[in-house]
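Have a look at the structure below, then the notes.
Residue numbers (this note's numbering): 697 to 803.
Encoded structure:
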């Protein structure tokens, strides 16, 4: 060993090159398509987060209608209660409901 007759070969490791390449792509937002996803949609954005987003949007819409005097206070209270109860599927559903019931008062 001392006279370099017997030499030690360097150990072969596992290259991280491919893993690093994929990691770089992920930082750019690649590899996020439907085919790359595992698990339900609620695993990526929790149901509570989706609910909070939907409710905030609907409440702000009702508030806007009230501020512009398109609806009166009792109507806005009723709509906000329905929003809290999960009556409306989406903002579009809320708008449709307001339109069909004729709740908007044009000046």
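Beta carbons: idealized from backbone N, C-alpha and C, even for Gly.
Rounding to the nearest angstrom, what Cα-Cα distance links residue 797 and residue 761 in this structure?
Mapped onto the chain shown, residue 797 falls at position 101. Mapped onto the chain shown, residue 761 falls at position 65. Between the alpha carbons of residue 797 and residue 761 lies a distance of about 15 angstroms.
Find out if the Cβ-Cβ distance for the pair residue 752, residue 772 is shorter than 9 angstroms.
If you number the chain shown from 1, residue 752 lands on position 56. If you number the chain shown from 1, residue 772 lands on position 76. Not in contact: residue 752 and residue 772 (Cβ atoms no closer than 9 angstroms).
Within its chain, find whatever has a CB closer than 8 angstroms to the CB of residue 803; leave out the 5 residues flanking it on each side and keep chain order.
Indexing the chain shown from 1 puts residue 803 at position 107. Low local confidence applies: a pLDDT of 48 at residue 803 is under 50, so the model's placement there is unreliable, with the coordinate-based value given in what follows. Around residue 803: 765.
Rounded to the nearest angstrom, how far is the Cβ of residue 779 from that of residue 755, given a contact under 8 angstroms?
Residue mapping note: residue 779 aligns to position 83 of the chain shown, counting from 1. Residue mapping note: residue 755 aligns to position 59 of the chain shown, counting from 1. Between residue 779 and residue 755 the beta-carbon gap is near 6 angstroms, inside 8 angstroms, which marks them as a contact.
Please report the straight-line C-alpha distance between residue 705 and residue 712, rounded to a whole angstrom.
Numbered from 1 along the chain shown, position 9 holds the residue referred to as residue 705. Numbered from 1 along the chain shown, position 16 holds the residue referred to as residue 712. The straight-line gap from Cα to Cα measures roughly 21 angstroms.
Using the C-alpha atoms, what's the distance from residue 736 back to residue 770?
Against the chain shown, residue 770 aligns to sequence position 74. Against the chain shown, residue 736 aligns to sequence position 40. Answer to the nearest angstrom: the Cα atoms are 40 angstroms apart.
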